[in-house]
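Q: Protein sequences appear in the order of chains A and B. If you're matching positions, the first sequence starts at -16 in the numbering used here and goes up one per residue. If you're matching positions, the second sequence starts at -16 in the numbering used here and goes up one per residue. Sharing a structure with you now.
There are 2 protein chains.
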Amino acid sequence: MAADEHLVETPLASRVLAKGVFLEVRIDDVRLPDGHIATREYIKHPGAVAVLGLLDNGHVLLERQYRHPVRRVMLEIPAGKIDPGETLLGCAQRELLEETGYTAAEWARAGSLHVAVGCSDEVIHLYVARGLVPGRQQLDHGELLDVTSLPEGELDAMAARGEITDSKTLFALQWLQRWRSGAWPLQWGAA
Amino acid sequence: MAADEHLVETPLASRVLAKGVFLEVRIDDVRLPDGHIATREYIKHPGAVAVLGLLDNGHVLLERQYRHPVRRVMLEIPAGKIDPGETLLGCAQRELLEETGYTAAEWARAGSLHVAVGCSDEVIHLYVARGLVPGRQQLDHGELLDVTSLPEGELDAMAARGEITDSKTLFALQWLQRWRSGAWPLQWGAA
Chain A
-16 MAADEHLVET PLASRVLAKG VFLEVRIDDV RLPDGHIATR EYIKHPGAVA
34 VLGLLDNGHV LLERQYRHPV RRVMLEIPAG KIDPGETLLG CAQRELLEET
84 GYTAAEWARA GSLHVAVGCS DEVIHLYVAR GLVPGRQQLD HGELLDVTSL
134 PEGELDAMAA RGEITDSKTL FALQWLQRWR SGAWPLQWGA A
Chain B
-16 MAADEHLVET PLASRVLAKG VFLEVRIDDV RLPDGHIATR EYIKHPGAVA
34 VLGLLDNGHV LLERQYRHPV RRVMLEIPAG KIDPGETLLG CAQRELLEET
84 GYTAAEWARA GSLHVAVGCS DEVIHLYVAR GLVPGRQQLD HGELLDVTSL
134 PEGELDAMAA RGEITDSKTL FALQWLQRWR SGAWPLQWGA A
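Here it is, written out as structure tokens:
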């Protein structure tokens, strides 16, 4: 909007600083609103989908997975990158099935999360699933994780103690609590 | 712990895939629990601190800033990278002053957030500040942002509509609401 003209940067040039198997790092030149030129480095990411699975017994569906960047086992909700041409809901259903073996009868789209706007374009789209039916995991080669679950109250207590620190998992807990309070609405549809 | 032996990966080798002015990308070889070798790419980040500033009029202190990676103006709480040798609280006080001009009488350490555990070691430590006194911004060269504020209820309504998507800002709103409800405690100290 016009009120943002004094903030908006104009892209001038973009090049790939590095390209790994998963990560692409770009370095762009931009013109600042005051006319100066600056460079911006960031990760290009295809985007991801995360699934808050609500089990019939009142537990939240979770995974325990070792994450090498932070050198620890993390407690997280299921999530994964969007494949080319895949819909967000299609990705949510695929990741839930592959990582946990579950399918769900009902789905609702919750919010989206920009994880690190200063250095990445990554966005995680959150879905909520209920009517969960267990089945068989279909993990990728080299993907190792335990499927587990916790009551909502225990998840909240762990977050208060700093034992849940994963951004998408905390965002899911936030949506769950705000939805239950009536403040953040969800629209459910059949799978 | 012993129960995690079937998940934990053993680091074997690490090299720098790319190093920009701000970003460092590493590619590591790891041994999986089953003996296979895999590679892990991720961003090395120095860590950051974010500040939830509570104004005496009940508003939350915010910034509007253009973020080139996501090509939009984002509404965010103040935050910045930790300088070498800097304490977390020292970083929080410096970033609050530099970006907004405010100093605060009381500080409390809230939780920490791992923004993207699959591809980055970045952690953001959240502080809450109250007894805020306005002063003069000390922005870095090329750093452009508007300081603003919103009532807590308006921030919540914007988050429900998907108009707040920044991870640290949503985490701050979550802490604020859980703290006010009595569930997530804060311990206050003088600056």
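Beta carbons are placed, not taken as given, at the ideal position from N, Cα and C, and that holds for glycine.
Strictly below 8 Å CB to CB, what residues from chain B border GLN48(A)?
A: Position 65 of the first sequence, counting from 1, holds the residue named residue 48(A). Within chain B, the residues near GLN48(A) are LEU(-10).
Q: Report yes if the CB atom of LEU35(B) is closer than 7 Å to the CB atom of ALA155(B), and no otherwise.
A: Taking the second sequence and counting its residues from 1, the one referred to as residue 35(B) is at position 52. Taking the second sequence and counting its residues from 1, the one referred to as residue 155(B) is at position 172. Taking 7 Å as the Cβ cut-off, LEU35(B) and ALA155(B) qualify as a contacting pair.
Q: Distance, Cα to Cα, GLY114(A) vs ILE65(B)?
A: As a position in the first sequence, residue 114(A) is number 131, starting the count at 1. As a position in the second sequence, residue 65(B) is number 82, starting the count at 1. C-alpha separation (whole angstroms): 44 Å.
Q: Spell out whether any CB of chain C is found under 7 Å from the CB atom of GLU69(B).
A: Absent from the structure is chain C; the protein chains it does hold are A and B.
Q: Using the C-alpha atoms, what's the distance from MET57(A) back to ARG92(A)?
A: By one-based count along the first sequence, residue 92(A) stands at place 109. By one-based count along the first sequence, residue 57(A) stands at place 74. One C-alpha to the other measures close to 24 Å.
Q: Can you confirm whether GLU167(A), when its beta carbon is compared against all beta carbons of chain B, has any partner nearer than 7 Å?
A: As a first step, residue 167(A) must be located in the first sequence, where it is residue number 184. The sequence given here places Trp at residue 167(A); Glu does not occur at that position. So yes, TRP167(A) belongs to the interface.
Q: Quick one, which residues of the stretch 77 to 103 of chain B are near chain A if we go by CB-CB under 8 Å, in chain order?
A: Listed by position, the residues of the stretch 77 to 103 of chain B near chain A (Cβ gap below 8 Å) are GLY94, SER95, LEU96, HIS97, VAL98, ALA99, VAL100, GLY101, CYS102, SER103.
Q: Considering THR22(A), what are the terminal residues of the beta strand (DSSP E) in which it resides?
A: What you label residue 22(A) is simply residue 39 of the first sequence in a count that begins at 1. Counting along the chain, the beta strand (DSSP E) containing THR22(A) begins and ends at 20 to 27.
Q: Relative to chain B, which residues along the stretch 99 to 133 of chain A have a C-beta separation below 8 Å, given in chain order?
A: Those residues of the stretch 99 to 133 of chain A that come within reach of chain B (Cβ to Cβ, closer than 8 Å) are ALA99, VAL100, GLY101, CYS102, SER103, ASP104, GLU105, VAL106, GLY125, LEU127, LEU128, ASP129.
Q: Could you tell me which chain B residues have their CB closer than 8 Å to the CB of PRO29(A), listed as they occur along the chain?
A: Along the first sequence, read from residue 1 onward, the residue named residue 29(A) stands at position 46. Residues of chain B passing the Cβ test: none, with the nearest at roughly 11 Å.
Q: Please state whether DSSP places TRP171(A) in a helix, a strand or coil.
A: Looking up residue 171(A) in the first sequence gives position 188. TRP171(A): strand per DSSP, three-state reduction.
Q: Who are the neighbours of HIS42(A) on chain B, taking C-beta pairs under 8 Å?
A: The sequence position of residue 42(A) within the first sequence is 59, counting from 1. Neighbours of HIS42(A) on chain B: none; closest Cβ ~19 Å, over 8 Å.
Q: Any idea which residues DSSP pairs GLN48(A) with across the strands?
A: Here residue 48(A) refers to the residue found at position 65 of the first sequence. Beta-bridge pairing links GLN48(A) to MET57(A).
Q: Would you mind sorting ILE20(A) into buried or exposed? The rule is 16 or more other CB atoms within 10 Å of its CB.
A: Looking up residue 20(A) in the first sequence gives position 37. With fewer than 16 other Cβ atoms within 10 Å, it is exposed.
Q: LEU(-5)(A) lies in the beta strand (DSSP E); which residues open and close that run?
A: Position 12 of the first sequence, counting from 1, holds the residue named residue -5(A). That run of the beta strand (DSSP E) goes -7 to 2.
Q: With distance defined between alpha-carbon atoms, name the residue in SER164(B), ALA140(B), ARG163(B) nearest to PRO168(A).
A: The count along the first sequence starts at 1 and reaches residue 168(A) at position 185. Among SER164(B), ALA140(B), ARG163(B), the Cα nearest to that of PRO168(A) is on ALA140(B).
Q: Nearest CA to the CA of ALA88(B): which residue from PRO(-6)(B), VAL(-1)(B), HIS97(B), TRP171(B)?
A: Here residue 88(B) corresponds to residue number 105 of the second sequence, with the count starting at 1. When each option's Cα is compared against that of ALA88(B), the closest is TRP171(B).
Q: Decide yes or no for the touch test of the stretch 112 to 130 of chain A against the stretch 5 to 21 of chain A: beta carbon pairs closer than 8 Å, at least 3 of them.
A: No, they do not touch.
Q: Could you tell me the alpha carbon to alpha carbon distance between VAL98(A) and LEU44(A), rounded to whole angstroms?
A: Numbered from 1 along the first sequence, position 115 holds the residue referred to as residue 98(A). Numbered from 1 along the first sequence, position 61 holds the residue referred to as residue 44(A). Each residue's alpha carbon lies about 21 Å from the other.
Q: Would THR152(B) count as contacting chain A if we go by Cβ distances under 7 Å?
A: Within the second sequence, the letter at position 169 stands for residue 152(B). For THR152(B), the answer is no, since every Cβ of chain A falls outside 7 Å of its Cβ.
Q: Rounded C-beta distance between VAL8(B) and LEU6(A)? I'm assuming under 8 Å.
A: Counting from 1 along the second sequence, the entry for residue 8(B) is found at position 25. Counting from 1 along the first sequence, the entry for residue 6(A) is found at position 23. Yes, they are in contact, since the Cβ atoms of VAL8(B) and LEU6(A) sit about 6 Å apart, within 8 Å.
Q: Rounded to whole angstroms, what's the CA-CA distance from ALA174(A) to GLN157(B)? Just pull it up for me.
A: Here the question's residue 174(A) lines up with position 191 in the first sequence. Here the question's residue 157(B) lines up with position 174 in the second sequence. Rounded to whole angstroms, ALA174(A) to GLN157(B) spans 30 Å at the Cα level.
Q: Can you tell me where the beta strand (DSSP E) with ALA99(B) in it begins and where it stops?
A: Reading the second sequence from its first residue, position 116 is the one you call residue 99(B). Unbroken run through ALA99(B): none, as it is neither H nor E.
Q: In three-state DSSP terms, what is ALA31(A)?
A: For this step, residue 31(A) is matched to residue 48 along the first sequence. Of the three classes helix, strand and coil, the one that applies to ALA31(A) here is strand, per DSSP.
Q: For ARG161(A), which residues of its own chain have a beta-carbon under 8 Å away from its beta-carbon, when the five flanking residues on both sides are left out?
A: By one-based count along the first sequence, residue 161(A) stands at place 178. TRP167.
Q: How is ALA87(B) classed by DSSP in three states: helix, strand or coil?
A: For this step, residue 87(B) is matched to residue 104 along the second sequence. Strand.
Q: Listed from N- to C-terminal order along the chain, which residues in the stretch -4 to 16 of chain A have their beta-carbon within a distance smaller than 7 Å of any beta-carbon of chain B?
A: So the close ones are LEU0, ALA1, GLY3, VAL4, PHE5, LEU6, VAL8, ILE10, ASP11, VAL13, LEU15, PRO16.
Q: With C-beta atoms as the reference, is LEU0(A) less than 7 Å away from SER150(B)?
A: Looking up residue 0(A) in the first sequence gives position 17. Looking up residue 150(B) in the second sequence gives position 167. No. Outside cutoff.
Q: Between the Cα of HIS42(B) and those of THR70(B), GLY136(B), GLU69(B), ALA62(B), spot the shortest distance and give me the residue it belongs to.
A: Here residue 42(B) refers to the residue found at position 59 when the second sequence is read from its first residue. Taking only the C-alpha atoms, the option nearest HIS42(B) is GLY136(B).
Q: Among ARG50(B), VAL100(B), ALA(-14)(B), whose alpha-carbon lies nearest the alpha-carbon of ILE60(A)?
A: Position 77 of the first sequence, counting from 1, holds the residue named residue 60(A). Minimum Cα distance to ILE60(A) is reached at VAL100(B).
Q: Looking only at its chain, what residues have a beta carbon closer than 8 Å to the beta carbon of GLN48(B), apart from the 5 residues adjacent to it on each side?
A: Looking up residue 48(B) in the second sequence gives position 65. Closer than 8 Å at Cβ, skipping near neighbours: VAL56, MET57, GLU59, LEU127, LEU128, ASP129.
Q: Give a yes or no on whether 7 Å exceeds the smallest Cβ distance from MET141(A) to chain B.
A: Here residue 141(A) corresponds to residue number 158 of the first sequence, with the count starting at 1. So, not an interface residue.
Q: What do you reckon, are the CB atoms on VAL106(B) and CYS74(B) nearer than 7 Å?
A: In the second sequence, the residue the question calls residue 106(B) occupies position 123. In the second sequence, the residue the question calls residue 74(B) occupies position 91. No, the pair does not count as a contact, with Cβ atoms beyond the cut-off.
Q: In whole angstroms, what is the alpha-carbon distance linking VAL116(A) and THR83(A)?
A: Position 133 of the first sequence, counted from the start, is the residue given in the question as residue 116(A). Position 100 of the first sequence, counted from the start, is the residue given in the question as residue 83(A). One C-alpha to the other measures close to 10 Å.
Q: Return the first residue and the last residue of the beta strand (DSSP E) that GLU179(A) is part of.
A: The shown model of chain A, from -16 to 174, leaves out residue 179(A), and the question about it has no answer.
Q: State the Cα-Cα distance for the pair HIS(-11)(B) and ASP17(B), rounded to the nearest angstrom.
A: Taking the second sequence and counting its residues from 1, the one referred to as residue -11(B) is at position 6. Taking the second sequence and counting its residues from 1, the one referred to as residue 17(B) is at position 34. If you take the alpha carbons of HIS(-11)(B) and ASP17(B), they lie about 8 Å apart.
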